Structure formats: C-alpha cells, structure tokens
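Worksheet: one structure, shown below.
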Amino acid sequence: SQQGEEDPQALSIQEGENATMNCSYKTSINNLQWYRQNSGRGLVHLILIRSNEREKHSGRLRVTLDTSKKSSSLLITASRAADTASYFCATMWNDYKLSFGAGTTVTVRA
Amino acid sequence: GAGVSQSPSNKVTEKGKDVELRCDPISGHTALYWYRQSLGQGLEFLIYFQGNSAPDKSGLPSDRFSAERTGGSVSTLTIQRTQQEDSAVYLCASRNRVKEPQHFGDGTRLSIL
Chain A
900 SQQGEEDPQA LSIQEGENAT MNCSYKTSIN NLQWYRQNSG RGLVHLILIR SNEREKHSGR
960 LRVTLDTSKK SSSLLITASR AADTASYFCA TMWNDYKLSF GAGTTVTVRA
Chain B
19 GAGVSQSPSN KVTEKGKDVE LRCDPISGHT ALYWYRQSLG QGLEFLIYFQ GNSAPDKSGL
79 PSDRFSAERT GGSVSTLTIQ RTQQEDSAVY LCASRNRVKE PQHFGDGTRL SIL
C-alpha cells in the first residue's frame, strides 16, 4: 500500500502553542498533500508539496518533506480553537490517485 | 455552484435495500472521485472518473457497488443490497488539472439498520 501514516493519532494542545504532526509513506511520490477535516464536514486542502521541494509555508502552516526518509511534517504555529480538526496527509504516487492516512485529531484548548 | 455538492447529507435505510448517492462536482472540473470514510478512519478510494476515459473502478469493494457519471458532470454511486458494513460517510471530490488538489463535498452519512 502507498498509504501515508500520521503520527500521533491524537494531539491536545493549549491555544497559542504549536502543533506538529508527522506523516510517513512507503514509495516514491509525485507530491504530498495535507488536508483538514472539521467534524461532519468534507476535507479541505491545506497545502501541497512536490517531490522536489523540501519546505513550504502557507500562513501559520509549515510543511517539510524528506524524500530520503519518506516522511513529511505539518507544523501549525500559534494554534487557535478553530484549528481543532482532523488532519490528513495524502500521497500522490501516480497522476491522479491519492492515498490517505488515518489522520491526526488535533484539539486546541482555550 | 461554488463547491462540490452531495445529496442526501444523511441516509438511513434497512439492510438489503438499494441506495443512490449523488455528487454534483464543481463546474468545469473534469475529474471526479468517490471515497468511503469509516468512523475515525482515513479515506478509502472507491472510483475515479476523468473526462471520457474509462473509470478506474479498482477501489470498489464488491459488485454491489457501482457508479456512473453522466455527461461528464453529475455522478451517482449506487449500492445494491446494502449490508451493515456499508455504513460510512461517502465523500465525493473533484479537481481540474492533473496532480492538483481535490475539492471535497461534505459527504453522505449512510447508516444501514
């Protein structure tokens, strides 16, 4: 399976703290994408990092990719209550198919 | 519409009945995906449509599952003779260009009694 695996499964932090979650995968990829899912809703795309990129930023999000270790990390800085959600990494290993991990559930406490 | 629209948002049915789930993708998006998400799990790929090409059905779990996409737009996922293990959230996504991010609907929560 190409599936990404997130770590940790769950994370609870105080508002204002940073949240870091990791994703590992098994085979070569075209790109890796991170998505957020609020309870009862669909997934929302956060950031896409291509296989030839090492780091990418978007607002309070920072994503790194280490293709030699087949791993990626998502950092959310200065977390807010609205960041409470599940976060999924998804690897694209051909032109169209994404493989999703089981996700990290993040709870931000006020 | 502005986003991917799925209907119904919730569906409760008895075991053995057939169900149809509908997805209306973003206008102009050529690619459409169906996924299944069981409670607390990631997404399981079911089927992929791209333009007029033959769909990738490799993720359909059994021959009770089928999907079609008419006119390159609206798609319907049909589950025949539903079983309790079919209970899940069924998500639809669409995208425009190859390798670009997917846009998801809010899903249909299917409960089989």
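So the protein lines, in turn, are chains A and B.
This note's numbering numbers the first residue of the first sequence as 900 and each following residue consecutively.
This note's numbering numbers the first residue of the second sequence as 19 and each following residue consecutively.
Just so you know, even glycine gets a beta-carbon here, dropped at the ideal spot from N, CA and C.
As the structure is a computational prediction, the values presented were derived from the model and not from experiment.
- Message: Please report the straight-line C-alpha distance between residue 988 of chain A and residue 922 of chain A, rounded to a whole angstrom.
- Response: Taking the CA atoms as reference points, residue 988 of chain A sits about 6 Å from residue 922 of chain A.
- Message: Between the stretch 115-125 of chain B and the stretch 41-52 of chain B, can you find at least three pairs of beta-carbon atoms closer than 8 Å?
- Response: Three or more pairs of CB atoms, one per stretch, sit closer than 8 Å, so the stretch 41-52 of chain B contacts the stretch 115-125 of chain B.
- Item | Three-state secondary structure assigned by DSSP to residue 102 of chain B | If DSSP states are grouped into helix, strand and coil, residue 102 of chain B belongs with the helices.
- Applying the criterion that 16 or more other CB atoms from any shown protein chain within 10 Å of the CB defines a buried residue, is residue 131 of chain B buried or exposed? With fewer than 16 other CB atoms across the displayed protein chains lying within 10 angstroms of its CB, residue 131 of chain B is exposed.
- Query: Do you know whose CA, among B:113, B:57, B:53, B:60, lies nearest residue 96 of chain B's CA?
  - Reply: Closest option to residue 96 of chain B, Cα to Cα, is B:53.
- Query: Is it the case that the Cβ atoms of residue 930 of chain A and residue 949 of chain A are separated by a distance below 8 Å?
  - Reply: A contact, by the Cβ cut-off of 8 Å.
- Taking the beta strand (DSSP E) that residue 930 of chain A falls in, what are its first and last residues? It spans 930-936 - the beta strand (DSSP E) in which residue 930 of chain A sits, taken as one unbroken run.
- Message: For the stretch 109-121 of chain B, list every residue whose C-beta sits within 9 Å of some C-beta in chain A, in sequence order.
- Response: Those would be 109, 110, 111, 113, 116, 117, 118, 119, 120, 121, in chain order.
- Considering only the beta carbon of each residue, do residue 34 of chain B and residue 94 of chain B sit closer than 8 Å? Residue 94 of chain B sits away from residue 34 of chain B, with the two beta carbons spaced by 8 Å or more.
- Message: Assuming residue 936 of chain A and residue 984 of chain A are in contact, meaning their beta carbons sit under 8 Å apart, how far apart are those beta carbons, in whole angstroms?
- Response: In this structure residue 936 of chain A is in contact with residue 984 of chain A, their Cβ atoms being roughly 6 Å apart against a cut-off of 8 Å.
- Within 10 angstroms of the Cβ of residue 979 of chain A, are there 16 or more other Cβ atoms? Answer buried if so, exposed if not. Exposed, by the Cβ-count rule.
- Query: Roughly how far, in whole angstroms, is the beta-carbon of residue 915 of chain A from the beta-carbon of residue 60 of chain B, given that I think they are within contact range, below 8 Å?
  - Reply: The C-beta distance from residue 915 of chain A to residue 60 of chain B rounds to 29 Å, too long to fall under 8 Å, and the pair is not in contact.
- How is residue 982 of chain A classed by DSSP in three states: helix, strand or coil? Residue state, collapsed to three classes: helix.
- Message: Using C-beta distances below 7 Å, list every residue in its chain close to residue 975 of chain A, excluding the 5 sequence neighbours before and after it, in chain order.
- Response: Result list for residue 975 of chain A: 917, 918, 959, 960, 982, in chain order.
- Task: Per DSSP, which residues does residue 961 of chain A bridge with? Please list them.
- Result: The partner list for residue 961 of chain A (beta bridge, DSSP) reads A:956, A:974.
- Item | Under 7 Å from the C-beta of residue 49 of chain B: neighbouring residues of chain A | Going along chain A in sequence order, the residues near residue 49 of chain B (Cβ under 7 Å) are 995.
- What is the DSSP secondary structure of residue 966 of chain A, counted as helix, strand or coil? Note: residue 966 of chain A maps to coil in three-state DSSP.
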